[in-house]
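Taking it in order: structure first as structure tokens, then the write-up.
Residue numbers (the working numbering): -17 to 120.
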């Protein structure tokens, strides 16, 4: 099965957080995981914040980032979905960042799995909702 994942999911593969067991199942069981290249700076930023809050050491952060960069996630350039992401964000009031993942999922005819409850709840009951999956529902 093909699925798009975002940084809210990917970081749970390496850092104990709520729903990390669901994220681990996704990583182990999914046939193909995709993400826009936006996931790299977003995941890096989450790791950086955890280092700044003394939740991780710099070495732990470096190791997590290295592991993520070696993961099986297939990175796609986000330029190909930029217009769709912008339009979706403009119409829904949600961020272009979140819509970049969703637009990629729509372009790949698959689900976008997220742990971003606010984004999920904002669109799950719309026609677009068929492309959204809450991580906790896996």
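Ideal Cβ positions, reconstructed from N, Cα and C, are used throughout, including at glycine.
Bear in mind the structure is a predicted one, so any value in this text is a computation, not a measurement.
>> Determine whether the beta carbon atoms of residue 77 and residue 67 lie at a separation below 7 Å.
In response: no
>> Going by DSSP, what residue range makes up the alpha helix (DSSP H) through residue 35?
In response: Element bounds for residue 35: n/a, residue is neither H nor E.
>> By the three-class DSSP mapping on this structure, what secondary structure does residue -16 have?
In response: strand
>> I need the boundaries of the alpha helix (DSSP H) containing residue 117, first residue and last residue.
In response: Where residue 117 is concerned, there is no enclosing alpha helix (DSSP H), given that its DSSP letter is neither H nor E.
>> Taking its Cβ as the centre, do 16 or more other Cβ atoms sit within 10 Å of residue 18, making it buried, or is it exposed?
In response: buried
> By DSSP, does residue 58 sit in helix, in strand, or in coil?
Replying inline: strand
>> Excluding the 5 residues flanking residue 116 on each side, which residues of the same chain have their C-beta closer than 6 Å to its C-beta?
In response: 102
> Short check: CB of residue 20 to CB of residue 60, under 7 Å?
Replying inline: yes
> What did DSSP end up calling residue 0 once you bin it into helix, strand or coil?
Replying inline: coil
>> Quick check: the Cα distance between residue 80 and residue 109, rounded to an integer number of angstroms?
In response: 17 Å
>> With a threshold of 6 Å on Cβ separation, who are the neighbours of residue -12 within its own chain once the five nearest residues in sequence on each side are excluded?
In response: 83, 96
> Roughly how many angstroms separate the alpha carbons of residue 90 and residue 55, rounded to a whole number?
Replying inline: 14 Å
> Looking at the unbroken beta strand (DSSP E) that takes in residue 90, where does it start and where does it end?
Replying inline: Note, residue 90: premise wrong, no beta strand (DSSP E); not H, not E.
>> By alpha-carbon positions, which one of -4, 4, 42, 57 ends up nearest to residue 14?
In response: 57
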